[in-house]
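Engineer: One structure, pasted below without further comment.
Residue numbers (the numbering used here): 16 to 360.
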């Protein structure tokens, strides 16, 4: 039986470039060489596509032309595994490119990726599905820069302090800050505006526990056991996730059976609300009064050695390598389903 040709694409132009490199290394090292021929393709911070060796170093290399293999050539990719966290990778852009080339790929489609990436659109879909959310507001960079007094007044009136300010289209807690007064709010909005033109401001929960749940599947997704993150910093920020490693991962989370089942149900409901496929990690806040709030969904969650997504599946009974096998098969299934669509009249 011939090996499947897997293209692992990593790096990219987002603020999560370095995280992507760490995830890609973990995935490549875990793919079974007897089942897969792995080709690694790196995208530099400037947007150049380069073929890389197994070290996944993104140095100057030969630019690929065409950008992705033409399906008519002798050896196209069987499946692409996009390990591109954040913008230009998790937001539907590369998914659209791969669909144009008719290549199977791991993860959510164009619409699901784009909706899940934008924290404002995502919350609207969650609200429509009846999922519990903290109050939030969305502003554009233009609104903030052209009329800051109105934006500040609206936030203080509708949300109050403390609140969190986030770039709408970014992950790994990049650009996220907590504001407890107007001075901190101004600083947080300015920083978020450096990363995106849409800014999300969210009411803070009351001393919440941070609970995460992994989801796997296409039409019939399943949820892992939930896990809990105890941040080393005030909240689970970029430094805490990938550099200091001071946070604690508690797997399984210390929850009642009822709460665990509710979180799993909400995770699947959120997954379906944004039309996700393949994989996602769904993050929750559990307030001191026991109220659950959905925070966000991540369609290309971290795959590093300390990432919650694979750790939760391992604790549920699916090993890292088995998880990758499942994701590749789900990508092929989704591709076959997509190719059932009529494209001519």
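Glycine is no exception: its CB is placed at the ideal position from the N, C-alpha and C atoms.
1) Taking three-plus beta-carbon pairs below 8 Å as touching, is the region 337 to 350 in contact with the region 221 to 240?
2) Determine the direct distance from the alpha carbon of residue 263 to that of residue 330, and round the result to whole angstroms.
3) Under the three-state reduction of DSSP, which class applies to residue 82: helix, strand or coil?
4) Whose C-alpha, out of 292, 170, 165, is nearest the C-alpha of residue 150?
5) May I ask you to verify whether the region 32 to 44 touches the region 112 to 125, counting CB pairs closer than 8 Å and requiring at least 3?
6) Could you name the residues that DSSP lists as bridge partners for residue 60?
7) So the candidates are 293, 23, 205, 297; which of them puts its Cα closest to the Cα of residue 146?
8) For residue 229, collect the residues of the same chain with a Cβ closer than 6 Å to its Cβ; drop the 5 residues on either side in sequence, then sort them by chain order.
9) With residue 182 and residue 207 assumed to form a contact (beta carbons below 8 Å), what rounded beta-carbon distance in angstroms separates them?
10) Would you decide whether residue 115 is buried or exposed? Buried here means 16 or more other CB atoms lie within 10 Å of its CB.
11) Does the beta carbon of residue 301 come closer than 9 Å to any beta carbon on chain B?
12) Where in the region 153 to 200 do unbroken runs of the beta strand (DSSP E), each at least 3 residues long, occur, reported from the N-terminal end onward?
13) Just to confirm my understanding: we take residue 311, look at its own chain, exclude 5 residues before and 5 after, and list those with CB closer than 7 Å. What are they?
14) Check whether the Cβ atoms of residue 204 and residue 102 sit closer than 9 Å, and answer yes or no.
15) Can you tell me whether residue 272 is buried or exposed? The criterion is at least 16 other CB atoms within 10 Å of its CB, across all chains shown.
16) Please check the pair residue 292 and residue 127, which I expect to be a contact at CB under 8 Å, by giving their CB distance rounded to whole angstroms.
17) Measure the alpha-carbon distance for residue 148 versus residue 302 and round it to whole angstroms.
18) Measuring only the C-alpha atoms, how far is residue 176 from residue 217?
19) Identify whether residue 212 lies in helix, strand or coil by the three-state DSSP scheme.
Structural biologist: The structure says:
1) With the cut-off at 8 Å, the region 337 to 350 and the region 221 to 240 touch.
2) When rounded, the distance between both Cα atoms is 15 Å.
3) Model confidence at residue 82 stands at a pLDDT of 44, short of 50, so the residue's coordinates are unreliable; what they give is reported in the following sentence. Correct three-state label for residue 82: coil.
4) When only C-alpha atoms are compared, the closest one is 170.
5) A contact between stretches requires three or more CB pairs, one per stretch, nearer than 8 Å, and the region 32 to 44 fails this requirement with the region 112 to 125.
6) DSSP, once it has assigned bridges, lists no residue as partnering residue 60.
7) Distances from the CA of residue 146 to each of 293, 23, 205, 297 were compared; the closest alpha carbon is that of 297.
8) Closer than 6 Å at the Cβ level, and outside the excluded window around residue 229, lie 239, 296, 324, 327, 328.
9) That belief holds up - the Cβ atoms of residue 182 and residue 207 are roughly 5 Å apart, short of 8 Å.
10) Residue burial is scored here from C-beta neighbours: residue 115 has fewer than 16 other C-beta atoms within 10 angstroms and is therefore classed as exposed.
11) No chain B appears in this structure, which consists of one protein chain only.
12) Within the region 153 to 200, the complete beta strand (DSSP E) runs of at least 3 residues are 178 to 182, 192 to 194.
13) Contacts found: 134, 137, 298.
14) Result no, Cβ atoms of residue 204 and residue 102 do not sit closer than 9 Å.
15) It is exposed - the Cβ of residue 272 has fewer than 16 other Cβ atoms within 10 Å.
16) Contact flag correct, Cβ pair sits at about 6 Å.
17) Spanning the two alpha carbons is a distance of roughly 12 Å.
18) Residue 217 has its alpha-carbon roughly 10 Å from the corresponding atom of residue 176.
19) DSSP places residue 212 in coil when its eight states are reduced to three.
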